[in-house]
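First residue of the sequence shown? That's 0 in numbering that gives the first Met the number 0, and the numbers climb one at a time after it.
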Amino acid sequence: MAAELCLDELSKDFEGSLSDPESERVICKQLDCATLVVEQQLRAKVWSHDCDSELGKLFDGELLVRELTTVFAHGSGKRRGFHSGTFRWRTSAGIVQGHLRGMTNEGTHRKPAFDGCQKCGDDNVMEGRLCGRLVRPTDEKLAGIQVTAAYRIRYDSSEGGGVGGVAGTIEGLLIRTCGCEKDCGC
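Below, the structure is given as structure tokens:
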């Protein structure tokens, strides 16, 4: 039987910055292609938005994405790519640790399914999914909360990767398992 869950909305805005990109262009002669591999960090202040639950409001704080790695097509930071990284999110509820991954420089909010606020080749955008767990709660009642959310980040792109300031949104859920005993691996 599936576990009984308690779900609380998580709705956040954030602003921050990307560290200077460390870039390496990789050429594959055999397949006649080039990629750009970029490593950097993202730091941001995170605060509640209108749809945040009461529990979600405890998750305002500071987000640090270490080892944010993006691989871009055709050797250019202005082309489509994918990214992944590990994060640490310091909140009044405690510390959340986890991973994020998604697509870079793509426009999913385009016609015909949406109003067309994007085009398929839009740059300056990262979107994906983050998953983490509250590992150091400030209150034992919060122990084991899982965080799963979609994120969307606006940034400044360059041929060498993302630069400067970032602004974004996080929309997701805080997941608690009902009646779970700590000794059972929850």
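Glycine included, each C-beta is placed from N, C-alpha and C at the ideal position.
In this structure, how does DSSP classify residue i when only helix, strand and coil are distinguished?
{"i": "L54", "result": "coil"}
{"i": "K44", "result": "strand"}
{"i": "L141", "result": "helix"}
{"i": "H108", "result": "coil"}
{"i": "P136", "result": "strand"}
{"i": "Q29", "result": "coil"}
{"i": "G160", "result": "coil"}
{"i": "D49", "result": "coil"}
{"i": "D155", "result": "strand"}
{"i": "S91", "result": "coil"}
{"i": "C177", "result": "coil"}
Where residue i and residue j are concerned, what is the direct C-alpha to C-alpha distance, given to the nearest angstrom?
{"i": "V25", "j": "I144", "result": "40 Å"}
{"i": "E105", "j": "L35", "result": "16 Å"}
{"i": "R100", "j": "V64", "result": "11 Å"}
{"i": "C177", "j": "T137", "result": "19 Å"}
{"i": "A142", "j": "K110", "result": "42 Å"}
{"i": "G120", "j": "V37", "result": "19 Å"}
{"i": "R175", "j": "V134", "result": "13 Å"}
{"i": "E3", "j": "E21", "result": "45 Å"}
{"i": "E158", "j": "K77", "result": "6 Å"}
{"i": "Y154", "j": "D122", "result": "9 Å"}
{"i": "D7", "j": "G15", "result": "25 Å"}
{"i": "C27", "j": "G115", "result": "35 Å"}
{"i": "A33", "j": "S75", "result": "9 Å"}
{"i": "S156", "j": "A112", "result": "26 Å"}
{"i": "V165", "j": "D31", "result": "33 Å"}
{"i": "T68", "j": "L9", "result": "25 Å"}
{"i": "K11", "j": "A43", "result": "11 Å"}
{"i": "M102", "j": "T85", "result": "15 Å"}
{"i": "S192", "j": "R87", "result": "This structure does not reach residue 192, given that the chain is present from 0 up to 185, and the question cannot be answered."}
{"i": "H186", "j": "H82", "result": "No information on residue 186 is available, as it lies outside the stretch 0 to 185 that the chain covers here."}
{"i": "V124", "j": "T90", "result": "25 Å"}
Under DSSP, the beta strand (DSSP E) around residue i begins and ends at which residues?
{"i": "S68", "result": "Looking at the sequence itself, residue 68 is Thr, so the reference to Ser does not match. That run of the beta strand (DSSP E) goes 60-72."}
{"i": "K11", "result": "4-17"}
In the DSSP output, what is residue i paired with across the bridge?
{"i": "Q117", "result": "In the DSSP output, where bridge partners are listed per residue, Q117 has none listed."}
{"i": "G80", "result": "F71, T103"}
Is there a Cβ from chain B that is less than 8 Å from the Cβ of residue i?
{"i": "G106", "result": "Among the protein chains of the structure shown there is no chain B, as only one such chain exists."}
Quiz item: Using 8 Å as the threshold, is the segment 56-65 in touch with the segment 81-99, meaning 3 or more CB pairs across them?
Solution: yes
Quiz item: When the Cβ atoms of the segment 165-173 are set against those of the segment 31-51, are three or more pairs found closer than 8 Å?
Solution: yes
Exercise. Determine, using beta-carbon pairs with one atom in the segment 121-132 and one in the segment 142-162, whether at least three such pairs fall under 8 Å.
Key: Because the criterion of three Cβ pairs below 8 Å is met, the segment 121-132 and the segment 142-162 touch.
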